[in-house]
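Residue numbers (my numbering), protein chains in the order written: chain A, 54 to 467; chain B, 25 to 309.
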């Protein structure tokens, strides 16, 4: 047993898969300790806030300030405020006025702005330019002049009829983010309902893995029992069991899954119900392969010896057959867990997964992202991390399976 | 193995296991193969019987039917004069107290997940020794191991795969020693072990027979071995017994062509074993 484990962990494939899976499990365990609370709590009003750190402007205005004179502060501010379209419009105007801009670097926004302030004259009428276009350039000029103005922002507070000055913000005022009363870090932004995607994702990964484990256990137990009985007892029992198995194999499992999920109804479909339904439709593969393994074991001498020693059928199956196929069953179980997680994601994407608003699952998160068009409005953070997580889970489980296969089946070793 | 052992004559003695028209066919229609074809036999108590034949002649199928692991398609097997009834699990268990086996491949005969102690303890339990004290059980196991020249103290807490093939096969004999069945079916017990172990194992089987008076049915492809060890020989070809009788008669004066061929195929090891003196030209019946 000890040696087998050592051998298993010597397989680089198994080890890689195990480490990835362990990292996912650890995250699921540790992250809620730092960020407790209901993962489905709506923290924002708007939909799809971008990933990043959010802090309250209101609180920041009244936070104690430090004066910092950063040499590139102006340049950064201007770069941030002047869009590429503005820049293109400036260059277009210079061209129309036949002003030579060859000496100025188009990317040097400061120099470009100097040139603009020097030459722009709203009274000049360019031939062939519409009034609307002229007004556009006037607005642009106004915006650009504001950027350069060395002014101070006043924060006013209304008391009865008059405005009282609350705070004065100059360009060199900085606040430490940790001093601001309300800061929210959203590494993966928010989803369509204004919920923290990362928190939801961690919780959903846990639920999905549990669904996979339940589905895998149900499928493996059914498949193992039927496979052992069909393979070892043989005869009529084998015929009946294989008849049922063949019927289940011929009916496409996913269609059956959709029909069962649909007929259960939205209200009854909890995460565990969905998991059991997935398990009940995916055992055929395990049953068939366990049966073929058992048939090859059934006539071995050690089984005959056990029979001659007067052991009961149950004991022979349990002690002389099961240990020999245990490694195989473990591998089948891992694959069933992996396919259970994928089946849940598929079902939920179609809207037939666990009922919403109770627990998030990976499939439900993708369903929400799809319903609220995250993929068309560019909110990649609402679905891409979910896809990545599903991929990582299946990838790690399949890697573990391949690693085990190589350990227990020496002909596959490389 | 040089000295020829003393032979006994069991003709007319009490019957232990007999078969009438025993047949086993696999498959149906065009694909039907008859592995054992209407054979009759009478094995007496205390007799050392050899069933000799090439591979594919139906020896192993016959042995499985004798053990009750396969049901004959036709004919009946009589155990101690009565038609054997192994229709239920309980009756089978009762039958297996009377008949036990040693298999060809010692490496696949043991469950690799069970320790040697549990293999031997199973035998004590089967003989009704479930309630014996721990000391008594250890004494019985030690006795059985010393019968086959193994030291129980060295084997305890070991797994079967930690032993050599010869040691495993001797452990199988220790198992039989504990079970003391009326009949032992040895299906080529020496074909997978080295030559030195082979002689030891054969001598142990003879000792076992002399000590307990059990019937030993020895299945082999080696007619020289059968001649050395057995009282009675059955020659099997294509599922039928082509010749049977006392070992001296069958092997020194073979009648069937198949027997003659088997004898001519034996390599010469020693002049005493030179079977070319056998009259191969005697007229076939």
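Here a beta-carbon is modelled for each residue, glycine too, at the ideal position from N, C-alpha and C.
Counting along the chain, no alpha helix (DSSP H) covers residue 238 of chain B, and no H or E run does either.
Put simply, the backbone Cα of residue 153 of chain A is about 29 Å away from that of residue 126 of chain A. Per DSSP, residue 98 of chain A lies in no alpha helix (DSSP H) and is assigned neither H nor E. Around the beta-carbon of residue 217 of chain A, fewer than 16 other beta-carbon atoms lie within 10 Å, marking it exposed.
When DSSP states are grouped into helix, strand and coil, residue 459 of chain A belongs to the helix group. Per DSSP, the beta-bridge partners of residue 207 of chain A are A/221.
Near chain A, meaning a CB-to-CB distance below 7 Å, the residues of the stretch 117-128 of chain B are 117, 120, 124, 125 and 127. Close to residue 132 of chain B, with beta-carbon spacing below 9 Å, are these residues of chain A in chain order: 353, 354 and 355.
Excluding sequence positions up to five before and after residue 218 of chain B, its CB lies within less than 7 Å of the CB of 190, all in the same chain and listed in chain order.
Residues of chain A whose Cβ lies closer than 8 Å to the Cβ of residue 91 of chain B are, in chain order, 357 and 361. For residue 372 of chain A, no alpha helix (DSSP H) encloses it, and the DSSP letter there is neither H nor E.
Around residue 329 of chain A, the same chain offers 267, 268 and 271 as residues with beta carbons nearer than 8 Å, after the five sequence neighbours per side are excluded. Boundaries for residue 255 of chain B: no beta strand (DSSP E) harbours it, and the DSSP string shows neither H nor E there. If you draw a straight line from the Cα of residue 396 of chain A to the Cα of residue 307 of chain A, it comes to about 8 Å. Taking the beta carbon of residue 57 of chain A as reference, no residue of chain B falls within 8 Å; the closest one sits roughly 12 Å away.
For the pair of segments examined, the stretch 156-169 of chain B was found not to touch the stretch 100-119 of chain B: the number of CB pairs separated by less than 8 Å stays below three. DSSP places residue 435 of chain A within a helical segment (H, G or I) once states are collapsed to three. No Cβ of chain B is located within less than 7 Å of the beta carbon of residue 438 of chain A. Taking a contact as a CB-CB distance under 8 Å, the pair residue 370 of chain A and residue 243 of chain A does not count as one, their CB atoms being some 54 Å apart. The alpha-carbon of residue 121 of chain A is positioned some 28 Å away from that of residue 240 of chain A.
The residue from A/390, A/378 and A/434 with its alpha-carbon nearest to that of residue 462 of chain A is A/378.
Here the alpha carbon of residue 76 of chain B sits roughly 44 Å from the alpha carbon of residue 157 of chain B. In this chain, the alpha helix (DSSP H) harbouring residue 281 of chain A covers 250-286. Nearest neighbour of residue 355 of chain A by Cα position, chosen from B/136, B/57 and B/47, turns out to be B/136. Take residue 56 of chain B, set aside five residues on each side of it, and the residues of its chain with a beta-carbon closer than 7 Å to its own are 49, in chain order. Neighbours of residue 291 of chain A in chain B, taken as residues whose beta carbon is under 8 Å from its own, are absent, since the nearest beta carbon is some 16 Å off. One thing to note: residue 208 of chain B has its Cβ no nearer than 7 Å to the Cβ of residue 243 of chain B. By the C-beta criterion, the stretch 123-138 of chain B is judged to be in contact with the stretch 184-200 of chain B, since at least 3 inter-stretch pairs fall below 8 Å. Residue 413 of chain A is outside the set of residues whose beta carbon lies under 7 Å from a beta carbon in chain B. Put simply, of B/267, B/60 and B/65 the residue whose alpha carbon is nearest the alpha carbon of residue 79 of chain B is B/60. Three or more Cβ pairs closer than 8 Å define a contact, and the stretch 194-202 of chain B falls short of that threshold against the stretch 109-120 of chain B. Interface residue (Cβ-Cβ distance to chain A less than 7 Å): residue 260 of chain B is not classified as such.
Proximity of residue 146 of chain B to chain A, defined by a Cβ-Cβ separation below 7 Å, is satisfied. According to the DSSP secondary-structure assignment, residue 268 of chain B is paired through a beta bridge with B/258. Chain B has a Cβ within less than 7 Å of the Cβ of residue 376 of chain A. Judged by their CB atoms, residue 71 of chain B and residue 255 of chain B are nearer to each other than the 7 Å cut-off.
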